[in-house]
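Sequential numbering from 33 applies to the sequence shown in my numbering.
A virtual CB, placed ideally from N, CA and C, is assigned to each residue, including glycine.
Quick caveat, the model's predicted, so the values are computed rather than measured.
Have a look at the structure below, then the notes.
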Amino acid sequence: MSDSTNEIVPGLGQKKVFKIIVLGDSGVGKTCLTYRFCEGQFLDKSEATIGVDFRERTIRIRNEDIKLQLWDTAGQERFRKSMVQHYYRNVHAVVIVYDVTKPETFHSITSWMSEVESHGLTKAPRVLVGNKCDCGSPSDRLATVYAQRLADRYGMPLFETSALLDSECDNVESIFITLAHKLYSHQPFRVVSVEGELGPRLVTLNRHKRNTTSNDNCLCS
Ligand SMILES: Nc1nc2c(ncn2[C@@H]2O[C@H](COP(=O)(O)OP(=O)(O)O)[C@@H](O)[C@H]2O)c(=O)[nH]1
Ligand SMILES: [Mg+2]
33 MSDSTNEIVP GLGQKKVFKI IVLGDSGVGK TCLTYRFCEG QFLDKSEATI
83 GVDFRERTIR IRNEDIKLQL WDTAGQERFR KSMVQHYYRN VHAVVIVYDV
133 TKPETFHSIT SWMSEVESHG LTKAPRVLVG NKCDCGSPSD RLATVYAQRL
183 ADRYGMPLFE TSALLDSECD NVESIFITLA HKLYSHQPFR VVSVEGELGP
233 RLVTLNRHKR NTTSNDNCLC S
């Protein structure tokens, strides 16, 4: 049976869809952060992500519904490697997460950045997120100054937060809303996708018929 909600009718009310990938070592809290943003609560029983998964949330910017699709990877390298091409396809923005109580996860960021850059995402908006700020005492946590230095080196904003604490949920919101605004303001083209389809087919259409053929500002790869 055909499902009419799965048909693309260009220009007829389709939402813009922004694909945001969430990277970082296993256990840093990627799944909990995406769950917090999309479901509004802490994921109590987070299990290791197998393969690739995504969660979605629709937000409103300037009276327009924008769908944010947050892609979460497997912690296990053996799954990730086989999925990596699929994962990086049509990415609009990147979130890189480390655990503030585990310096080794912070040291991995340069490798994550190399991977991101090797997939041609040097110009995509990126943010650095230090998660688990609720854990331990300040001396157990990586000092903000180091994280800020690294973030500055890559020209990306730094957020320190906790997926666990309800009091930090505004901060988690800020991560994704900041990216959404950045993408929205640089996105003159309408991006439509087939609702609910894994591995969205992205189509770019001119929003207005303009007297230009340039698509320099299009964020779709
Ligand atoms: N204390 C604390 N634990 C967290 C936080 N975020 C995630 N966790 C826990 O860290 C573990 C790994 O989280 P998960 O989201 O699965 O990490 P992922 O492998 O990066 O997806 C789980 O046991 C979570 O409950 C946080 O902000 N604070
Ligand atoms: Mg996970």
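**Prompt:** What is the rounded straight-line gap between the Cα of Lys47 and the Cα of Pro189?
**Reply:** 27 angstroms
**Message:** Just to confirm the assignment, what range does the beta strand (DSSP E) spanning Val129 have?
**Reply:** Ala125 to Asp131
**Item:** Cα-Cα separation, Ile207 to Phe86
**Value:** 17 angstroms
**Contact check, Gly59 vs Asp104, beta carbons under 8 angstroms** = no
**Asked** For Pro157, which residues from the same chain have a beta carbon less than 7 angstroms from its beta carbon, with the 5 sequence-adjacent residues on both sides left out?
**Response** Ala125, Leu211, Lys214 and Leu215
**Prompt:** Is Thr90 helix, strand or coil by DSSP?
**Reply:** strand
**Message:** Could you check whether Ile128 and Gly72 sit closer than 8 angstroms to each other, using their CB atoms as the reference points?
**Reply:** Contact: no.
**Beta-carbon spacing of Glu192, Gly168 below 8 angstroms** = no
**Request:** Give a single yes or no on whether Thr137 has its beta carbon closer than 7 angstroms to a heavy atom of ligand 2.
**Result:** For Thr137, the shortest C-beta to heavy atom distance toward ligand 2 is 7 angstroms or greater.
**Asked** For Asn163, which three-state DSSP category applies?
**Response** Assigned with DSSP and collapsed to three states, Asn163 falls in strand.
**Request:** Compute the distance between the beta-carbons of Val204 and Arg68, then report whether it is under 8 angstroms.
**Result:** yes
**Asked** Is Phe74 helix, strand or coil by DSSP?
**Response** coil
**Request:** Scan the stretch 129 to 207 and note each continuous beta strand (DSSP E) run of 3 residues or more that stays entirely inside, going in chain order.
**Result:** 158 to 163 and 190 to 192, all fully within the stretch 129 to 207.
**Prompt:** So Asp57 is in the beta strand (DSSP E); what residue range does that whole segment cover?
**Reply:** Careful: Asp57 lies outside any beta strand (DSSP E) and carries neither H nor E.
**Asked** If you run the structure through DSSP and keep just helix, strand and coil, what is Gln101?
**Response** DSSP places Gln101 in strand when its eight states are reduced to three.
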